[in-house]
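The structure under discussion appears below in the form of structure tokens.
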Amino acid sequence: MLQTPMSTSIYFVHRNPAIYPDPQKFDPERWIKATETGNPLHRYLVPFTKGSRICLGMNLAFLEMYLAIAYHIRRFDLEICDTDPESLRVTREKVLGFPEHGGLQIKARVKAVLKD
10 MLQTPMSTSI YFVHRNPAIY PDPQKFDPER WIKATETGNP LHRYLVPFTK
60 GSRICLGMNL AFLEMYLAIA YHIRRFDLEI CDTDPESLRV TREKVLGFPE
110 HGGLQIKARV KAVLKD
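When you line the sequence shown up against my numbering, it's residues 10 to 125, in that order.
Next comes the structure, spelled out in structure tokens:
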């Protein structure tokens, strides 16, 4: 076992039922409830790690994510099609988690032409 590489999957840490009850359910209230009960969940939120090894690009990554989401919501009508909750459940892992049955299909219609 010497020199065995080890890693963790952030996806599966964030979906651990011991930390997040009913982890597949979209429940933003869980963060408020956990703080009120004295069990703040932010300590388990690890996409950029913590402490002295925290990602230097974290704030830039959040900014880019917000801009990309805003751009796509403003420009496209998005619709999930031919997908059920079971097809979105992540069941295997490589470097990232992947849906078992091919994943999500989205139809995108341009709703506005943006001028630069």
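Using N, Cα and C, we set each Cβ at its ideal position, and we do this for glycine too.
Nothing here was measured: the structure is a model prediction, and the numbers come from that model.
* Residue of 72, 75, 56 minimising C-alpha distance to residue 21 -> By alpha-carbon distance to residue 21, the top candidate from 72, 75, 56 is 56.
* Asked: Going along the chain, which residues of its own chain have a beta-carbon closer than 7 Å to the beta-carbon of residue 91, five neighbours each way excluded?
  -> Here the set comprises 114.
* To do: Can you give me the start and stop residues for the beta strand (DSSP E) that residue 119 sits inside?
  => Where residue 119 is concerned, the enclosing beta strand (DSSP E) stretches over 115 to 119.
* To do: Return the chain-ordered ranges of every beta strand (DSSP E) run that is complete within the region 46 to 91 and spans a minimum of 3 residues.
  => DSSP runs (the beta strand (DSSP E)) wholly in the region 46 to 91: 85 to 89.
* Boundaries of the alpha helix (DSSP H) in which residue 21 is found, first to last residue -> Run containing residue 21: 19 to 22, per the alpha helix (DSSP H) assignment.
* Backbone CA spacing between residue 28 and residue 50 [nearest angstrom] -> Between the alpha carbons of residue 28 and residue 50 lies a distance of about 8 Å.
* Option nearest residue 34 by Cα separation, candidates 117, 94, 119 -> Nearest to residue 34 by C-alpha distance, out of 117, 94, 119, is 94.
* Test item: CB-CB of residue 117 and residue 87 under 7 Å -> In contact: residue 117 and residue 87 (Cβ atoms closer than 7 Å).
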